[in-house]
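Numbering (the UniProt record's numbering), first residue to last: 1 to 222.
The beta carbon of each residue, even a glycine, is placed where N, CA and C say it ideally should be.
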(Lines of atoms letter the chains of each structure in order from A and count residues from 1; the text may use other names and numbers.)
(Lines give C-alpha, C1' and ligand atoms only; values in the text may rest on other atoms or scores of the structure.)
Protein backbone atom coordinates (compact mmCIF):
# COMPACT_ATOMS: atom_id res chain seq x y z
CA UNK A 1 0.00 0.00 0.00
CA UNK A 2 2.86 2.37 0.89
CA UNK A 3 4.58 1.61 -2.44
CA UNK A 4 1.39 2.38 -4.35
CA UNK A 5 0.94 5.66 -2.45
CA UNK A 6 4.56 6.66 -3.06
CA UNK A 7 4.22 5.94 -6.77
CA UNK A 8 1.04 8.01 -6.92
CA UNK A 9 2.78 10.97 -5.28
CA UNK A 10 5.74 10.74 -7.66
CA UNK A 11 3.41 10.53 -10.66
CA UNK A 12 1.52 13.58 -9.44
CA UNK A 13 4.73 15.59 -9.09
CA UNK A 14 5.94 14.50 -12.52
CA UNK A 15 2.67 15.52 -14.17
CA UNK A 16 2.71 18.90 -12.44
CA UNK A 17 6.29 19.56 -13.54
CA UNK A 18 5.53 18.61 -17.13
CA UNK A 19 3.02 21.45 -17.44
CA UNK A 20 4.76 24.03 -15.25
CA UNK A 21 5.69 27.41 -16.69
CA UNK A 22 8.79 29.40 -15.80
CA UNK A 23 8.82 32.93 -14.45
CA UNK A 24 10.05 35.71 -16.71
CA UNK A 25 10.51 39.47 -16.46
CA UNK A 26 9.30 41.99 -19.01
CA UNK A 27 10.92 45.43 -19.18
CA UNK A 28 9.48 48.45 -20.98
CA UNK A 29 11.68 51.52 -21.35
CA UNK A 30 10.04 54.87 -20.39
CA UNK A 31 9.13 57.17 -23.28
CA UNK A 32 8.81 60.43 -21.34
CA UNK A 33 6.07 62.19 -19.42
CA UNK A 34 4.72 64.20 -22.35
CA UNK A 35 3.97 63.33 -25.96
CA UNK A 36 2.25 65.28 -28.73
CA UNK A 37 -0.59 64.21 -30.96
CA UNK A 38 0.78 62.76 -34.19
CA UNK A 39 4.16 61.81 -32.68
CA UNK A 40 5.63 58.52 -33.85
CA UNK A 41 6.22 56.97 -30.45
CA UNK A 42 8.69 54.08 -30.28
CA UNK A 43 8.33 51.51 -27.50
CA UNK A 44 11.37 49.41 -26.65
CA UNK A 45 12.20 46.87 -24.00
CA UNK A 46 13.41 43.37 -23.22
CA UNK A 47 11.97 40.02 -22.17
CA UNK A 48 14.24 37.83 -20.02
CA UNK A 49 14.23 34.88 -17.65
CA UNK A 50 14.73 35.37 -13.92
CA UNK A 51 18.48 34.80 -14.39
CA UNK A 52 18.69 37.39 -17.18
CA UNK A 53 18.75 35.05 -20.20
CA UNK A 54 17.09 36.36 -23.36
CA UNK A 55 13.66 35.10 -24.42
CA UNK A 56 13.32 35.24 -28.20
CA UNK A 57 10.36 34.98 -30.58
CA UNK A 58 7.62 35.91 -28.12
CA UNK A 59 4.69 38.19 -28.90
CA UNK A 60 4.68 41.42 -26.90
CA UNK A 61 1.66 43.71 -26.70
CA UNK A 62 1.82 47.39 -25.76
CA UNK A 63 -1.36 48.45 -23.99
CA UNK A 64 -2.91 51.40 -22.21
CA UNK A 65 -4.07 50.62 -18.68
CA UNK A 66 -7.59 52.03 -18.44
CA UNK A 67 -7.82 51.45 -14.66
CA UNK A 68 -10.68 48.95 -14.83
CA UNK A 69 -13.06 51.44 -16.48
CA UNK A 70 -13.07 49.17 -19.55
CA UNK A 71 -10.72 46.54 -20.98
CA UNK A 72 -7.16 47.76 -21.55
CA UNK A 73 -6.70 48.74 -25.18
CA UNK A 74 -3.91 47.41 -27.41
CA UNK A 75 -1.81 50.12 -29.06
CA UNK A 76 0.99 48.14 -30.72
CA UNK A 77 2.35 44.62 -31.07
CA UNK A 78 5.72 43.09 -31.92
CA UNK A 79 7.93 40.07 -31.23
CA UNK A 80 11.23 39.73 -29.40
CA UNK A 81 14.49 39.27 -31.32
CA UNK A 82 17.23 36.71 -30.48
CA UNK A 83 18.46 39.02 -27.70
CA UNK A 84 14.99 39.21 -26.15
CA UNK A 85 14.67 42.83 -27.22
CA UNK A 86 11.60 44.34 -28.85
CA UNK A 87 10.74 47.59 -30.61
CA UNK A 88 7.48 48.83 -32.06
CA UNK A 89 5.90 52.18 -32.87
CA UNK A 90 2.55 53.91 -32.40
CA UNK A 91 1.16 57.16 -33.80
CA UNK A 92 -0.04 59.18 -30.80
CA UNK A 93 -3.80 59.73 -30.84
CA UNK A 94 -5.69 61.44 -27.99
CA UNK A 95 -8.13 59.49 -25.86
CA UNK A 96 -11.83 60.24 -26.10
CA UNK A 97 -11.84 61.48 -22.50
CA UNK A 98 -8.51 63.30 -22.67
CA UNK A 99 -7.02 61.28 -19.81
CA UNK A 100 -3.28 60.45 -19.59
CA UNK A 101 -1.97 57.18 -20.98
CA UNK A 102 -0.57 54.46 -18.76
CA UNK A 103 1.62 52.38 -21.07
CA UNK A 104 2.78 48.87 -20.27
CA UNK A 105 4.07 45.80 -22.11
CA UNK A 106 2.42 42.40 -21.81
CA UNK A 107 3.15 38.76 -22.67
CA UNK A 108 -0.03 36.72 -22.31
CA UNK A 109 1.78 33.51 -21.39
CA UNK A 110 2.50 30.13 -22.92
CA UNK A 111 3.65 26.59 -22.22
CA UNK A 112 7.22 27.58 -21.33
CA UNK A 113 6.88 31.03 -19.79
CA UNK A 114 3.90 32.34 -17.86
CA UNK A 115 2.09 35.66 -18.01
CA UNK A 116 4.36 38.69 -17.68
CA UNK A 117 3.66 42.40 -17.44
CA UNK A 118 6.04 45.33 -17.27
CA UNK A 119 5.88 48.36 -15.05
CA UNK A 120 3.40 51.04 -16.21
CA UNK A 121 4.47 54.55 -17.24
CA UNK A 122 2.19 57.58 -17.36
CA UNK A 123 2.36 60.06 -20.22
CA UNK A 124 0.10 63.00 -20.97
CA UNK A 125 -0.74 63.75 -24.60
CA UNK A 126 -0.80 67.31 -25.84
CA UNK A 127 -3.17 67.92 -28.73
CA UNK A 128 -1.76 69.55 -31.84
CA UNK A 129 -3.12 72.87 -33.09
CA UNK A 130 -4.67 71.19 -36.12
CA UNK A 131 -6.89 68.79 -34.14
CA UNK A 132 -10.39 68.59 -35.57
CA UNK A 133 -13.48 68.59 -33.35
CA UNK A 134 -14.91 65.82 -35.50
CA UNK A 135 -14.68 62.28 -34.13
CA UNK A 136 -13.05 60.05 -36.79
CA UNK A 137 -14.90 56.87 -37.79
CA UNK A 138 -13.73 53.63 -36.23
CA UNK A 139 -11.32 51.81 -38.51
CA UNK A 140 -9.03 48.83 -38.08
CA UNK A 141 -5.92 50.09 -36.24
CA UNK A 142 -2.46 49.59 -37.72
CA UNK A 143 -1.45 47.18 -34.95
CA UNK A 144 -4.25 44.78 -35.88
CA UNK A 145 -3.19 44.75 -39.52
CA UNK A 146 0.37 44.08 -38.39
CA UNK A 147 -0.55 41.12 -36.19
CA UNK A 148 -2.86 39.79 -38.92
CA UNK A 149 0.16 39.63 -41.22
CA UNK A 150 2.37 38.10 -38.51
CA UNK A 151 -0.27 35.47 -37.74
CA UNK A 152 -0.76 34.64 -41.43
CA UNK A 153 2.94 33.72 -41.80
CA UNK A 154 3.16 31.84 -38.50
CA UNK A 155 5.15 34.45 -36.60
CA UNK A 156 2.63 34.67 -33.73
CA UNK A 157 0.41 32.03 -32.12
CA UNK A 158 -3.32 31.47 -32.46
CA UNK A 159 -3.74 32.56 -28.84
CA UNK A 160 -2.05 35.90 -29.59
CA UNK A 161 -4.34 36.53 -32.54
CA UNK A 162 -7.39 35.48 -30.52
CA UNK A 163 -6.39 37.98 -27.81
CA UNK A 164 -6.19 40.65 -30.51
CA UNK A 165 -9.58 39.79 -31.98
CA UNK A 166 -11.14 39.87 -28.51
CA UNK A 167 -9.72 43.36 -27.93
CA UNK A 168 -11.30 44.50 -31.20
CA UNK A 169 -14.63 43.03 -30.06
CA UNK A 170 -14.33 44.70 -26.65
CA UNK A 171 -13.96 48.09 -28.31
CA UNK A 172 -16.77 47.64 -30.81
CA UNK A 173 -14.55 47.36 -33.89
CA UNK A 174 -15.89 43.87 -34.58
CA UNK A 175 -19.60 43.25 -34.08
CA UNK A 176 -20.71 39.84 -32.84
CA UNK A 177 -23.45 38.27 -30.75
CA UNK A 178 -21.18 35.48 -29.49
CA UNK A 179 -19.40 35.46 -26.14
CA UNK A 180 -15.92 34.22 -25.25
CA UNK A 181 -15.49 30.74 -23.77
CA UNK A 182 -12.84 28.23 -22.80
CA UNK A 183 -12.21 26.82 -26.28
CA UNK A 184 -9.83 28.44 -28.77
CA UNK A 185 -10.63 27.95 -32.43
CA UNK A 186 -9.50 29.89 -35.51
CA UNK A 187 -9.75 28.35 -39.01
CA UNK A 188 -6.43 28.06 -40.83
CA UNK A 189 -7.89 29.32 -44.12
CA UNK A 190 -8.41 32.74 -42.48
CA UNK A 191 -4.66 33.33 -42.87
CA UNK A 192 -5.16 34.14 -46.55
CA UNK A 193 -7.66 36.99 -46.05
CA UNK A 194 -5.60 38.14 -43.03
CA UNK A 195 -2.64 38.67 -45.36
CA UNK A 196 -4.93 40.37 -47.89
CA UNK A 197 -6.03 42.79 -45.17
CA UNK A 198 -2.40 43.70 -44.47
CA UNK A 199 -1.58 44.16 -48.15
CA UNK A 200 -4.74 46.15 -48.88
CA UNK A 201 -6.27 43.56 -51.20
CA UNK A 202 -9.48 43.51 -49.16
CA UNK A 203 -11.06 46.40 -47.29
CA UNK A 204 -11.11 46.88 -43.54
CA UNK A 205 -14.90 46.62 -43.60
CA UNK A 206 -14.88 43.32 -45.51
CA UNK A 207 -12.42 41.71 -43.10
CA UNK A 208 -14.35 42.91 -40.06
CA UNK A 209 -17.51 41.40 -41.55
CA UNK A 210 -15.70 38.09 -42.13
CA UNK A 211 -14.58 37.98 -38.50
CA UNK A 212 -18.02 38.94 -37.22
CA UNK A 213 -19.66 36.22 -39.32
CA UNK A 214 -17.19 33.54 -38.18
CA UNK A 215 -17.67 34.54 -34.55
CA UNK A 216 -21.47 34.47 -34.83
CA UNK A 217 -21.41 31.04 -36.47
CA UNK A 218 -19.00 29.59 -33.90
CA UNK A 219 -16.26 29.04 -36.50
CA UNK A 220 -14.02 31.31 -34.43
CA UNK A 221 -14.00 30.74 -30.68
CA UNK A 222 -12.00 32.95 -28.34
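Quiz prompt | Exposure of residue 58, with buried meaning 16 or more beta-carbon neighbours within 10 Å | solution = buried
Practice problem: Grab me the residues of residue 51's own chain with a C-beta within less than 8 Å of its C-beta, minus the 5 sequence neighbours each way, in chain order. | Solution: none
Self-check item: Proximity winner among 163, 82, 197, 46, relative to residue 72 (alpha-carbon distances)
Solution: 163
Exercise. Report the option in 27, 41, 65, 218 whose CA atom is closest to the CA atom of residue 54.
Key: 27
Quiz item: Helix, strand or coil: how does DSSP classify residue 85 here?
Solution: In the three-state scheme derived from DSSP, where H, G and I count as helix and E and B as strand, residue 85 is classed as strand.
Quiz item: In whole angstroms, what is the alpha-carbon distance linking residue 101 and residue 64?
Solution: Their backbone Cα atoms lie some 6 Å apart in a straight line.
Quiz item: What did DSSP end up calling residue 218 once you bin it into helix, strand or coil?
Solution: coil
Self-check item: Complete runs of the alpha helix (DSSP H) confined to the region 48-85 [at least 4 residues]
Solution: The qualifying runs do not exist here; there are none.
Quiz item: If you compare alpha carbons, which of 24, 39, 31, 69 is closest to residue 47?
Solution: 24
Self-check item: Alpha-carbon to alpha-carbon, residue 92 and residue 125
Solution: 8 Å
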